[in-house]
Amino acid sequence: NDSTRFSSCYGTYYALNSKFSTTPHPLGLVKVLPSDILGHCLSYLNGLVERPNIVRISRAFRDWGDGVSILQNLDLSDSKKHFLSTEDTANIAKQRLAKFVSARNPHALYMLGMIECYCFEKVTRGVELLHKAAFALSKDENGKDCKPHLPSLYTLGLILRDCDREKSESYLRLASRFEHLGALHETLTPDEMKQLGVHSTEELKMNLDSIQLHELISREYHRNHRALSSSAAVSNVQHCIQHIKELADDTVPQIWNDLKQTSYCFNPRCGRWAYKIQKSFMDQDDEDNMTTPPSESGDGGKCVKVARMKMCSSCRTAKYCSKLCQVYDWRSERHRMECRDWSNA
Numbered sequence: 001n002d003s004t005r006f007s008s009c010y011g012t013y014y015a016l017n018s019k020f021s022t023t024p025h026p027l028g029l030v031k032v033l034p035s036d037i038l039g040h041c042l043s044y045l046n047g048l049v050e051r052p053n054i055v056r057i058s059r060a061f062r063d064w065g066d067g068v069s070i071l072q073n074l075d076l077s078d079s080k081k082h083f084l085s086t087e088d089t090a091n092i093a094k095q096r097l098a099k100f101v102s103a104r105n106p107h108a109l110y111m112l113g114m115i116e117c118y119c120f121e122k123v124t125r126g127v128e129l130l131h132k133a134a135f136a137l138s139k140d141e142n143g144k145d146c147k148p149h150l151p152s153l154y155t156l157g158l159i160l161r162d163c164d165r166e167k168s169e170s171y172l173r174l175a176s177r178f179e180h181l182g183a184l185h186e187t188l189t190p191d192e193m194k195q196l197g198v199h200s201t202e203e204l205k206m207n208l209d210s211i212q213l214h215e216l217i218s219r220e221y222h223r224n225h226r227a228l229s230s231s232a233a234v235s236n237v238q239h240c241i242q243h244i245k246e247l248a249d250d251t252v253p254q255i256w257n258d259l260k261q262t263s264y265c266f267n268p269r270c271g272r273w274a275y276k277i278q279k280s281f282m283d284q285d286d287e288d289n290m291t292t293p294p295s296e297s298g299d300g301g302k303c304v305k306v307a308r309m310k311m312c313s314s315c316r317t318a319k320y321c322s323k324l325c326q327v328y329d330w331r332s333e334r335h336r337m338e339c340r341d342w343s344n345a
């Protein structure tokens with residue numbers, strides 16, 4: 001096995017250096033190890049912080065650092081170093097993600113799927129990418145089944161909630177089996193959730209999108225004038241209406257129509273909105289033994305109603321894309337304070 005081969009190579013390397021009484025070169029062992037063994041060792045360093053340091057060591061490390069096995073397992077959601085900058089547009093983000101998507105990195109596929117859905121409104125393409133992300137790593141190196149990418153399963157469950165209820169529920173149930181907190185909120189009753197205990201805001205936040213992805217989507221909202229800011233505060237609504245009045249007359253009807261047909265999540269850490277989605281999804285072969293994607297509905301691509309939001313039962317004003325966002329916004333005290341004011345008003 002790999003550990004035996006590594007020990008054998010290291011033993012040979014150590015014996016040669018001892019025989020000739022030479023000082024071991026720091027990279028000498030790299031030249032002795034087979035490339036697949038070294039690649040396997042490097043695959044454990046899958047953070048955004050470690051990889052740049054590795055590829056600077058030598059040309060060999062740079063080649064291995066750009067290998068499929070490394071790119072596929074790199075954690076792009078690493079909180080220590082943002083993969084996307086605060087100046088990136090959606091198009092630049094797509095370029096940054098390209099080689100990771102080619103390597104079937106689940107984090108990259110997920111981020112690109114979110115960008116297609118929420119920045120370009122290419123929902124069919126986004127759903128396809130999210131599905132691929134969910135099952136990108138079907139088997140590990142030992143042939144065992146890998147855990148699916150839970151954020152992708154959860155997001156698919158939310159997006160397809162109104163246009164394909166059966167698929168939505170299947171995605172959420174699968175994510176719940178792996179104890180994804182957002183999926184549990186969607187599939188369990190309030191009493192069942194209470195049995196799991198009260199989760200802190202930090203625990204809830206861990207199941208939200210990364211800051212870098214959330215900020216990118218929010219920037220695109222403002223840049224395209226097709227959605228409100230993620231906080232959906234009243235001041236933002238007024239600002240958006242004022243902007244519409246300043247536009248040319250022929251552009252007002254379309255933008256105003258877009259705004260009327262869109263519901264926005266009040267959770268400032270979310271940035272998602274609900275929109276109309278076609279029931280006719282892509283015709284796609286079940287390649288790579290992935291789970292079957294959403295099926296063709298046969299309705300000719302007719303749009304269905306806007307995806308429903310979870311509304312606060314007290315103020316009847318705040319809307320959320322999910323129960324997770326509603327619970328997080330309440331327990332973080334943000335909506336708890338404004339809800340009282342809105343209810344009194």
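Numbering of the sequence shown is given in the UniProt record's numbering, commencing with residue 1 and proceeding in unit increments.
All residues carry an ideal CB built from backbone N, CA and C; glycine is no exception.
Who are the near neighbours of Ala175 in its chain, counting only those whose CB is closer than 6 Å to its CB and skipping five residues on each side?
In the sequence shown, residue 175 corresponds to position 175, counting from 1. Setting aside the 5 residues that flank it on each side, Ala175 is surrounded in the same chain by Leu150, Leu153, Tyr154, Ala183, each with a C-beta closer than 6 Å to its C-beta; the list follows chain order.
List the residues that DSSP assigns as beta-bridge partners of Met311.
Position 311 of the sequence shown, counted from the first residue, corresponds to residue 311. Met311 pairs with Lys319.
Can Leu84 and Leu109 be called in contact, C-beta distance under 9 Å?
For the purposes of this step, residue 84 is taken as the residue at position 84 of the sequence shown. For the purposes of this step, residue 109 is taken as the residue at position 109 of the sequence shown. No, Cβ-Cβ distance for Leu84 and Leu109 is not below 9 Å.
With a CB to CB cut of under 7 Å and the five nearest residues on each side skipped, what residues in its chain are close to Leu71?
As a position in the sequence shown, residue 71 is number 71, starting the count at 1. Leaving aside the five residues that flank Leu71 on each side, the residues in its chain whose CB is nearer than 7 Å to its CB run, in chain order, Lys99, Phe100, Ala103, Asn105.
Does Cys325 come out as helix, strand or coil in the three-state DSSP assignment?
As a position in the sequence shown, residue 325 is number 325, starting the count at 1. It is helical.
For Met337, which residues in the same chain have their Cβ closer than 8 Å to its Cβ, ignoring the five residues on either side in sequence?
One-based indexing of the sequence shown puts residue 337 at position 337. Excluding positions up to five away in sequence, the list is empty.
Nearest by alpha-carbon distance to Glu121: which of Phe135, Asp88, Ile159 is it?
What you label residue 121 is simply residue 121 of the sequence shown in a count that begins at 1. Among Phe135, Asp88, Ile159, the Cα nearest to that of Glu121 belongs to Ile159.
Quick one: Cα of Val234 to Cα of Asn73, how far?
Here residue 234 corresponds to residue number 234 of the sequence shown, with the count starting at 1. Here residue 73 corresponds to residue number 73 of the sequence shown, with the count starting at 1. The predicted position of Val234 is uncertain, since its pLDDT is 44 and thus under 50; a value taken from the coordinates is nonetheless stated next. One C-alpha to the other measures close to 42 Å.
Can you tell me where the alpha helix (DSSP H) with Gly113 in it begins and where it stops?
Counted from its first residue, the sequence shown places residue 113 at position 113. Unbroken alpha helix (DSSP H) run through Gly113: 106-118.
Name the residue from His107, Glu166, Arg165 whose alpha carbon lies nearest to the alpha carbon of Ser77.
Counting from one through the sequence shown, the residue named residue 77 turns up at place 77. When each option's Cα is compared against that of Ser77, the closest is His107.
Endpoints, alpha helix (DSSP H) assigned at Glu202:
Taking the first residue of the sequence shown as 1, we reach residue 202 at position 202. Run containing Glu202: 201-205, per the alpha helix (DSSP H) assignment.
Leaving out five residues on either side along the sequence, give the residues of the same chain with a beta carbon under 6 Å from the beta carbon of Met311.
Here residue 311 refers to the residue found at position 311 when the sequence shown is read from its first residue. Closer than 6 Å at the Cβ level, and outside the excluded window around Met311, lie Lys319.
Do residue 348 and Cys270 have their CB atoms nearer than 9 Å?
Here the chain has residues from 1 to 345 only, and residue 348 is not among them.
Would you mind sorting Ile241 into buried or exposed? The rule is 16 or more other CB atoms within 10 Å of its CB.
As a position in the sequence shown, residue 241 is number 241, starting the count at 1. Interpretation of Ile241 is limited by its pLDDT of 49, a score under 50 that renders its predicted location unreliable; the figure taken from the coordinates is listed afterwards. When all chains shown are included, Ile241 counts as exposed.
Given this structure, state the Cα-to-Cα distance separating Gly113 from Gly126, to the nearest angstrom.
Here the question's residue 113 lines up with position 113 in the sequence shown. Here the question's residue 126 lines up with position 126 in the sequence shown. The straight-line gap separating the alpha-carbon atoms of Gly113 and Gly126 is approximately 4 Å.
Give the single residue among Arg340, Glu333, Ser332, Arg334 whose Cα lies nearest to the Cα of Ser313.
Taking the first residue of the sequence shown as 1, we reach residue 313 at position 313. When only C-alpha atoms are compared, the closest one is Arg340.
If Arg173 sits next to Thr187, beta carbons under 8 Å apart, how far is it from one beta carbon to the other, in whole angstroms?
Working through the sequence shown from its first residue, we reach residue 173 at position 173. Working through the sequence shown from its first residue, we reach residue 187 at position 187. Between Thr187 and Arg173 the Cβ distance is about 6 Å, and since that is below 8 Å, they are a contact.
Short check: CB of Ala134 to CB of Leu156, under 9 Å?
Along the sequence shown, read from residue 1 onward, the residue named residue 134 stands at position 134. Along the sequence shown, read from residue 1 onward, the residue named residue 156 stands at position 156. Closer than 9 Å, so yes.
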